[in-house]
Amino acid sequence: MAYFHFIACVLIWSTSFVLMKKAVLVFEPLSVAAWRVVLGAAVVLTAWWWQSGRWTVDRRNLAPVLLVIVLGSAWPFAIQPYLVGRVGSGLLGMSVGLVPLVTLVISIPILDSLPTRLQILGVLGALAALAMLLFDRLRLDVAAVDLLLVTSVPIGYATANVVVRRWLCSIPALELTACCLSGAGLMLAPTWLRSPPAPSDTNGSWLQASLCVALLGIVGTGLAQVFFNRMIQERGPLFASMANNLVPVGAVLIAWWDMERVTGLQLIALLIVVAMVALVQWEDRRQRRRSMVPRTSD
550 MAYFHFIACV LIWSTSFVLM KKAVLVFEPL SVAAWRVVLG AAVVLTAWWW QSGRWTVDRR
610 NLAPVLLVIV LGSAWPFAIQ PYLVGRVGSG LLGMSVGLVP LVTLVISIPI LDSLPTRLQI
670 LGVLGALAAL AMLLFDRLRL DVAAVDLLLV TSVPIGYATA NVVVRRWLCS IPALELTACC
730 LSGAGLMLAP TWLRSPPAPS DTNGSWLQAS LCVALLGIVG TGLAQVFFNR MIQERGPLFA
790 SMANNLVPVG AVLIAWWDME RVTGLQLIAL LIVVAMVALV QWEDRRQRRR SMVPRTSD
């Protein structure tokens with residue numbers, strides 16, 4: 550199931566950025582962020598209640614859960630709708646490709662996990678290709694402040710992923726996702742209530758924007774987050790975060806379809822990213838097989 554969850558997250562999140570882009574044509578960015586989190590939380594809470602309804606989070610889990618709520622949910626979901634209108638869905642989608650590298654760095658002190666040479670090669674190769682993408686996109690004049698805000702998104706995601714693996718593996722993925730999205734919803738709801746109404750001369754359809762927000766919340770936030778948390782718990786944060794290296798591929802191609810500018814250099818870089826993700830996944834599978842082979846004594 551890990552590879553099914555992996556592919557599903559890539560496909561879902563590849564479309565999330567263009568959905569945000571369409572939604573902010575009608576709704577305020579903070580409204581989009583709050584609604585997607587609230588809808589995602591409602592769906593996951595309903596599924597959790599239907600499945601078991603048994604709460605296993607205790608006081609020992611409160612600090613790491615709070616970190617995941619803030620860094621992995623509230624901050625990224627709040628800032629992304631604002632950024633997508635300023636830098637475009639393509640660049641924002643590219644930024645999540647930094648998650649595996651940051652995850653690799655953070656995992657060393659927290660998880661005491663040293664990557665193999667092939668894993669390092671795969672992550673650094675993907676990073677080099679993503680640097681090509683960012684350099685090519687920055688020629689289109691992106692403000693330094695916006696670039697710093699874009700970079701904060703993968704840092705928050707990576708930190709939350711490692712925290713889940715280190716301290717929250719015992720909590721069922723459905724319950725953990727419901728808890729984190731509910732907490733993020735409580736944080737974002739007041740900002741949504743204070744946000745001004747959208748202007749009347751918007752360029753998008755209200756019905757289209759509402760559908761985009763619904764898909765962002767139910768599928769892109771609720772369902773995908775459950776899949777992702779299960780991958781972290783079962784296969785580790787590096788395996789799961791490599792999905793973020795493929796998200797820029799889908800995000801850039803969809804942005805191209807949506808009439809955003811895509812160059813030949815960007816397409817070459819995307820092919821390199823795909824190859825590096827395949828390398829890391831192959832090495833992960835090889836290591837798992839070696840760990841399952843029983844050792845014989847002489």
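Here the sequence shown is numbered in our numbering, starting from 550 and rising by one per residue. Note that CB positions come from ideal geometry on N, CA and C, so glycine has one too. The structure displayed is predicted, hence computed values, not measured ones.
With contacts defined by Cβ atoms closer than 8 Å, K570 and Q757 do not form a contacting pair. Here DSSP, grouped into helix, strand and coil, assigns T812 to coil. When the five nearest sequence neighbours on each side are left out, the beta carbons in the same chain lying within less than 7 Å of the beta carbon of L698 are those of I628 and L632, in order along the chain. Rounded to whole angstroms, the separation of the alpha carbons of G642 and L819 is 12 Å. Taken atom to atom, the span from the alpha-carbon of V587 to that of T700 is near 25 Å.
Comparing alpha-carbon positions, the option among R837, L760 and C718 lying closest to R779 turns out to be C718.
Residue state for L663 is assigned as coil, using DSSP reduced to three classes.
Here T595 is exposed, its C-beta having fewer than 16 other C-beta atoms within 10 Å.
Between L696 and L653, the alpha-carbon positions lie close to 22 Å from each other.
Contiguous alpha helix (DSSP H) elements confined to the region 550–636 occur at 551–572, 578–600, 611–616 and 624–636, taking only those with 4 or more residues. Ranked by Cα distance from L579, the options L647, A738, I803 and R714 are led by A738. If you draw a straight line from the Cα of W624 to the Cα of R666, it is about 33 Å long.
DSSP places P721 in no alpha helix (DSSP H); its state is neither H nor E. Using a Cβ-Cβ distance cut-off of 8 Å, the region 666–677 and the region 724–731 are not in contact, since fewer than three pairs of beta carbons, one from each stretch, lie closer than that value. Where M780 is concerned, the enclosing alpha helix (DSSP H) starts and stops at A773 to R784.
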